[in-house]
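Student:
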Amino acid sequence: GGVKRGHVFGDTDELGYHAIENPIHVHDVQATMLHCLGIDHEGLTFRHKGRDFRLTDVAGEVIDGVLA
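Counting with our numbering, you get residues 14 to 81 for the letters of the sequence shown.
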């Protein structure tokens, strides 16, 4: 699927509550999955109450560090 197998990306505190290295957002995960499917996440929009929204919001970015 285009993602590195058995790869750890980032690090958390000792209890696993907070990301301390390479924090990512769910929009980044969505953008990365769409990228692997060959879909441009910046061009994918939906209309709600007369306004176009991006599925990955304006902050979603592809996580290059997890791609094979």
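The C-beta atom is built at its ideal place from N, Cα and C for all residues, glycine as well.
Can you have a look at residue 54 and say buried or exposed, based on whether 16 or more other CB atoms are within 10 angstroms of its CB?
Tutor: Translated into positions along the sequence shown, residue 54 becomes position 41. By the 10 Å Cβ count, residue 54 comes out buried.
Student: Whether or not the stretch 55-65 and the stretch 20-35 are in contact is what I'm after, with contact meaning three or more pairs of Cβ atoms, one per stretch, closer than 8 angstroms; do they touch?
Tutor: The stretch 20-35, when compared against the stretch 55-65, does not touch it at the 8 angstroms Cβ threshold.
Student: Enumerate in chain order the residues of its own chain whose CB-to-CB distance from residue 47 is below 6 angstroms, with the five nearest sequence positions on each side excluded.
Tutor: Position 34 of the sequence shown, counting from 1, holds the residue named residue 47. Contacts found: 54.
Student: In its own chain, which residues sit with a C-beta less than 8 angstroms from the C-beta of residue 59, not counting the 5 before and 5 after it?
Tutor: On the sequence shown, residue 59 is found 46 positions in, with the first residue counted as 1. Excluding residues within five positions, the ones whose Cβ falls inside 8 angstroms are 65, 66 and 68.
Student: Given a cut-off of 9 angstroms, decide if residue 74 and residue 26 are closer than it, judged by their beta-carbon atoms.
Tutor: Taking the sequence shown and counting its residues from 1, one reaches residue 26 at position 13. Taking the sequence shown and counting its residues from 1, one reaches residue 74 at position 61. Contact flag unset, no.
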